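Q: Would you mind keeping the following structure in view while I ask a few things?
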Amino acid sequence: EVKASHAAALESLRDETAAAARLSEEKAKTNAATHTAARELETAREELHDAREELKREQERGRKLEQAHASVRKEHEATVGEREAELLAVVKGLKAELAAAVEANEALE
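Converting from the sequence shown to the working numbering requires adding 452 to each position, the first position being numbered 1.
Below you can see the structure in the form of structure tokens.
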């Protein structure tokens, strides 16, 4: 009877040891999965940070391009306005010369 009791206790101890080993294995798997997930999360955070920095650089580049375009447009408009004024002055001068030539021609007739 003592042997049977010891055998039963030994069997129970084996079962508990096996259950503890399974639990330990599951815990190790969970810890490894948690560690992997933490690394992936950190990598994702770094990628997000890098993407945000890249977006800021692209936005700044876009802003600078818009400023440069506005500056070029203003300069172009000013140049066109100056050239237009010069051409109008030439046209007025030519009209005056033509009127004088017409007058002189009429005087000769």
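Just so you know, even glycine gets a beta-carbon here, dropped at the ideal spot from N, CA and C. These numbers come from a predicted model, not from an experiment.
Determine the direct distance from the alpha carbon of His501 to that of Gln511, and round the result to whole angstroms.
A: One-based indexing of the sequence shown puts residue 511 at position 59. One-based indexing of the sequence shown puts residue 501 at position 49. Answer to the nearest angstrom: the Cα atoms are 15 Å apart.
Q: Could you give the first and the last residue of the continuous alpha helix (DSSP H) run that contains Glu536?
A: Sequence index remark: in the sequence shown, residue 536 carries index 84 (1-based). Residues Val454 to Leu560.
Q: Ordered along the chain, which non-local residues of its own chain (more than five positions away) have a Cβ less than 8 Å from that of Ser476?
A: Mapped onto the sequence shown, residue 476 falls at position 24. In its own chain, leaving out the 5 sequence neighbours on each side, no residue places its CB closer than 8 Å to the CB of Ser476.
Q: Just the Cα atoms here: how many angstroms apart are Leu471 and Ala480?
A: Working through the sequence shown from its first residue, we reach residue 471 at position 19. Working through the sequence shown from its first residue, we reach residue 480 at position 28. Strictly speaking, residue 471 in this sequence is Ala, with Leu absent from that position. Going by the C-alpha atoms only, they are around 14 Å apart.
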